[in-house]
Amino acid sequence: MLSLLLLIPFAGALLLAFWPGRPAEGRMRTVTLVVLGLQLAWSLVVLARFDPANSAMQLQESLPWVESLGLEYKLGVDGLSLPLVLINAALTLVSAICTRDIDKRPRVYFLLLLVISGSVNGAFLAENLLLFFLFYELELIPLWGLIAIWGGVNRAYAATKFLIFTAVSGMLILGAFLGLALLTGTADFSLTPITGERLAMGSQLLLLGALLIGFGIKVPLFPFHNWLPDAHTQASTPVSVLLAGVLLKLGTYGLLRFCMGLFPEAWALLAAGLAIWAAVSVLFGSLAAIAQTDMKRMVAYSSVGHMGYILLAAAAATPIAILGAVFQMVSHGLISALLFLLVGIVYRKTGTRDLTVLHGLLNPERGLPFTGTLMIVGVMASAGMPGMAGFISEFMVFRGSIGAFPFATLLSMVASGLTAVYFLLLVNRAFFGRLAVTPPIDPVAHGRLDVNLAAVAPRETIPAMALAVAVFAIGLLPYGLGRLSEAASTAMVQLPALAAAVYSGGLG
Amino acid sequence: MPIISAELVRSGGMPSAAELEASLLAGHTLLSNTAEHLIEVVDVLDSYGQVLDAYSKNLIFQAEQQFLLPFPLFKYLDGDKTVAKIWRHLNHDRINFEYAEYCMKAMLWHGTGGLDAYLDSEPFAANCRAIIGRKTRRDPLLALLHPVFRGFLIELIRTAATTSALGQFWRVMSDLFLDLAAAEAAGRISSIEAVVEFIKDGLVAAAGNPITYAVEIEGERMWVLPPEARLTFLADVAVPYVEAVFLRGLPFLGTVSFNAQAQQISPDQGQFAYGALYADPLPSMGAGIPPSLLMQDMYRHLPERLHQLYRQRGRGEGDVRVKICMSFQKSMFCVTNAAIRGTFPSPLGSGDPAEQAANRAYAAAWASRLAVARTDCLD
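Structure below.
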């Protein structure tokens with residue numbers, strides 16, 4: 001059953017690869033949309049079959065592969081991975097829908113999109129460390145291609161930077177997995193937690209450190225975030241949607257599943273430091289976002305900040321915090337995808353994302369009023385306004401973390417307030433005032449400009465509207481997602497607590 | 001710095017005061033003579049003429065039938081209180097008479113010219129005393145209000161007088177603009193120069209028309225603006241109207257707010273530049289006269305030829321009110337142009353140095369004010 005979540009996108013990619021002749025871009029797009037629609041539908045079937053009360057891996061499938069290496073094709077889904085599988089299906093579909101006017105090689109473009117989606121599903125569903133790593137690496141090259149071929153003017157620089165950073169990330173993760181086998185003396189790459197009986201704490205800390213840096217690059221967390229703003233700035237809108245909405249979640253998923261899940265004792269030992277790291281990352285992301293004048297870089301830095309909440313929640317490791325982390329992954333996926341879509345519309349219509357140049361885009365007749373309205377919804381959601389997804393997730397993260405790490409949580413709350421600062425700066429500069437797309441050097445001439453922006457067709461905003469509806473839906477009715485992940489997040493929490501107790505001799 | 005496509009932004013020319021003065025003295029039109037400008041000006045004035053007709057009738061109705069009514073709930077219905085009319089009004093299927101009232105208030109507040117002078121005169125005060133005396137005899141609310149607030153009813157009468165005067169002014173202008181459209185349709189107008197001349201002739205012909213206003217109270221006809229006041233169309237109403245509505249306007253009701261304490265608004269009312277000739281066609285509205293209400297009204301009466309032209313430009317129907325406002329400003333520059341021509345102290349061709357100097361001073365005064373108006377629409 002779960003294999004179909006891999007099979008559908010990969011088969012779709014093969015279909016595109018071997019499609020006879022030189023099919024038009026429209027046909028490639030239609031085929032991709034059908035494939036991704038099927039993937040979403042099947043993800044919903046999986047959701048229907050999923051038992052939320054069961055915290056263990058479900059719907060498992062297993063097939064021996066290279067047993068001598070410990071590589072096993074083993075898939076399973078739980079309350080942590082299922083929301084991410086769903087958001088992967090939804091956001092890849094959104095990416096394909098908002099892909100328009102591919103000027104070169106549409107076949108390759110859509111093929112890479114499908115490979116990424118299939119690989120991400122594989123990574124979220126893998127129950128074997130090496131299998132996870134294979135899929136983790138498999139999405140790397142297609143994404144590099146999407147930035148390097150269809151990106152902006154500095155795409156080569158951004159794509160290479162992305163490749164170097166994530167290759168190092170991959171090497172560290174693989175190194176940690178292989179080190180685990182080496183140090184424990186078994187080729188067991190299952191998700192079984194490592195305890196002190198199997199591995200000395202020093203070795204655990206070493207391996208956990210490698211994994212933390214590896215996934216910290218992917219999340220990204222300060223100071224490993226450097227590749228993200230460049231990648232976003234040069235990537236096209238659909239790729240940014242995918243990058244922010246789905247691919248960054250591989251990092252946070254890795255933190256929860258592998259760092260916290262495999263090394264609960266070492267995790268508990270490092271928790272206080274990790275909480276401070278999270279707070280620093282959150283504060284840095286927010287302060288850096290305030291300094292940006294490029295809308296896309298601002299949203300990218302906001303991602304750096306908002307991803308830090310997940311590390312904070314994971315460090316606190318309380319049931320509410322972990323549930324909040326799952327909520328944050330989903331809500332950040334939706335909100336950042338929404339913001340990137342809207343920035344993309346602004347860029348397509350005005351030719352710029354420069355906040356020193358854009359003004360008054362809310363103008364009802366000549367501006368982009370509906371886009372602006374959705375942008376206000378998006379930034380409110382990102383700033384954690386009640387009634388929207390951002391509030392639920394941030395509230396749960398803070399509520400779950402403040403008891404364990406009050407100082408780090410308070411710093412993160414300050415940074416949450418800073419979200420409102422930089423996003424209000426964005427909205428105020430770009431959407432309020434007199435409509436203009438020129439720097440206001442001469443106020444008189446500035447006030448006289450006749451601005452002729454092309455209107456935004458309703459179909460262009462449909463994906464963004466769908467995301468905005470989802471943001472409200474989760475904000476107003478969080479019960480569904482909560483029920484889906486509660487059992488799994490509670491079970492995860494017991495690992496570090498148990499390990500901490502063992503480590504301190506509490507259970508002795 | 002990003003490179004902005006030239007297709008996205010267009011910056012119209014900004015002629016200097018000297019250029020405008022030279023143009024006025026040479027007898028040139030302010031608006032350049034193009035076929036598209038002609039269609040825009042004639043058709044938008046055709047639409048404006050129909051809107052002014054409705055404004056004029058309503059203002060005169062208000063002045064005569066709603067006089068000193070403390071709660072004029074049905075003042076926009078022109079006396080038609082049928083359910084269908086009330087429903088259309090509430091459903092906003094109607095003309096925005098609020099714009100007409102706004103212009104009246106601008107005239108009343110700026111208070112320039114002969115009408116304002118008369119409203120502060122003793123004969124007017126005497127008329128008011130007579131009217132209030134008669135009115136309060138049968139109206140207990142007004143009888144109670146008047147002794148407590150001595151200036152209140154007088155101010156209401158001043159408002160009613162200005163309302164009537166503006167209604168009478170717009171009656172003339174409405175007919176003039178509709179005649180212009182008919183003349184163009186008949187082939188008698190084919191250039192911007194001819195448009196300006198037509199309007200100038202109309203203004204000059206109506207210049208001496210008397211402006212009078214009387215109300216009927218308990219069967220007795222009582223003068224508010226009697227013929228003895230000798231108020232005339234051009235000097236006492238048209239010129240103050242241009243001053244208040246075209247030029248000065250009010251720094252309110254826009255979406256841009258001003259801080260008066262920071263001197264963002266001139267303490268000298270005469271220096272105000274928030275009128276129709278300065279209004280930003282984009283609906284963020286610099287301030288002052290809210291053109292969007294008028295544009296909405298003109299949109300209801302837009303001739304098909306101009307509507308077709310708008311559909312081919314910019315966002316088509318999507319930004320039609322902005323385009324109407326741009327055309328309206330072009331037409332208002334033509335009306336201003338005609339008014340300036342009609343009020344030069346001496347003929348433009350005069351050889352007398354003193355007369356030439358007077359004309360130059362007159363043109364320079366206008367040019368200095370127009371130089372900071374939205375002249376970007378002229379080329």
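If you read the protein sequences in the order shown, they are chains E and U. Every letter in the first sequence is one number past the one before it in the working numbering, and letter 327, counting from 1, is 327. Every letter in the second sequence is one number past the one before it in the working numbering, and letter 359, counting from 1, is 359. All residues carry an ideal CB built from backbone N, CA and C; glycine is no exception. Since we're looking at a predicted model, the values are computed, not measured.
Look at E:V346: its C-beta is not under 8 Å from any C-beta on chain U. When Cβ pairs closer than 8 Å are counted between the two stretches, the region 21-40 of chain U is seen not to touch the region 134-150 of chain U, the count staying below three. Around the Cβ of E:A96, a 10 Å sphere holds 16 or more other Cβ atoms; the residue is buried. E:G122: member of the alpha helix (DSSP H) spanning P106 to L125, first to last residue.
Chain E places no beta carbon closer than 8 Å to that of U:V41, leaving this residue out of the contacts. Where U:A214 is concerned, the enclosing beta strand (DSSP E) starts and stops at Y213 to I217. Using a Cβ-Cβ cut-off of 8 Å, U:R321 is close to E365 of chain E, given in chain order.
Secondary-structure assignment with DSSP links E:K74 through a beta bridge to E:S62. Rounded to whole angstroms, the separation of the alpha carbons of E:G305 and E:L411 is 12 Å. Taking a C-beta distance under 8 Å as the contact criterion, E:T371 and E:V456 qualify as a contact pair. In the DSSP secondary-structure assignment, U:L225 is bridged to U:Y213. Proximity of chain E to U:G318 at the Cβ level (cut-off 7 Å) is accounted for by E365 and A455, in chain order. Among the CB atoms of chain U, one or more fall inside 8 Å of the CB of E:R434. In this structure, U:P240 and U:T112 form a Cβ contact; the two beta carbons are roughly 5 Å apart against a cut-off of 8 Å.
Under the three-pair Cβ rule at 8 Å, the region 100-109 of chain U does not count as touching the region 194-205 of chain U. The C-beta of U:G79 comes no closer than 8 Å to any C-beta of chain E. Between E:L129 and E:F189, the C-beta gap is smaller than 8 Å, which places the two residues in contact. Taking 8 Å as the CB threshold, U:G12 lines the interface with chain E. It is roughly 8 Å from the alpha-carbon of E:F222 to the alpha-carbon of E:W277. Around the beta carbon of E:K104, fewer than 16 other beta carbons sit within 10 angstroms, so the residue counts as exposed. According to DSSP, residue pairing for E:A436 in a beta bridge involves E:H359.
When 9 Å is used as the limit between beta carbons, U:G270 is near no residue of chain E, the shortest such separation being about 20 Å.
Residue pairing from DSSP places U:E220 in a beta bridge opposite U:I217. Scanning chain U for C-beta atoms nearer than 7 Å to the C-beta of E:R459 yields nothing, as the closest lies near 15 Å away.
Going by DSSP, U:D201 is part of the alpha helix (DSSP H) stretching over I192 to A206.
Burial state of E:T233 is buried, judged by a 10 Å Cβ sphere holding 16 or more other Cβ atoms. As computed with DSSP, E:V451 is found in a beta bridge with U:V9. E:V299 is outside the set of residues whose beta carbon lies under 8 Å from a beta carbon in chain U. In the same chain as E:L86, and ignoring 5 residues on each side of it, the C-beta atoms closer than 6 Å to its own belong to S43, in chain order. In this structure, U:V224 is the residue among U:V83, U:V224 and U:F258 with its C-alpha nearest to the C-alpha of U:L115. Taking a C-beta distance under 8 Å as the contact criterion, E:L91 and E:G245 qualify as a contact pair. Residue pairing of U:T232 in beta bridges, as defined by DSSP: U:P210. With the rule of 3 Cβ pairs closer than 8 Å, the region 411-423 of chain E counts as touching the region 284-303 of chain E. One finds V9, R10 and S11 in chain U with Cβ atoms closer than 8 Å to the Cβ of E:L449, taken in chain order. Per DSSP, the beta bridge partners of E:D354 are E:D294. Judged by beta-carbon spacing, U:D280 lies beyond the 8 Å limit of U:S32, meaning their Cβ atoms are not closer than that value.
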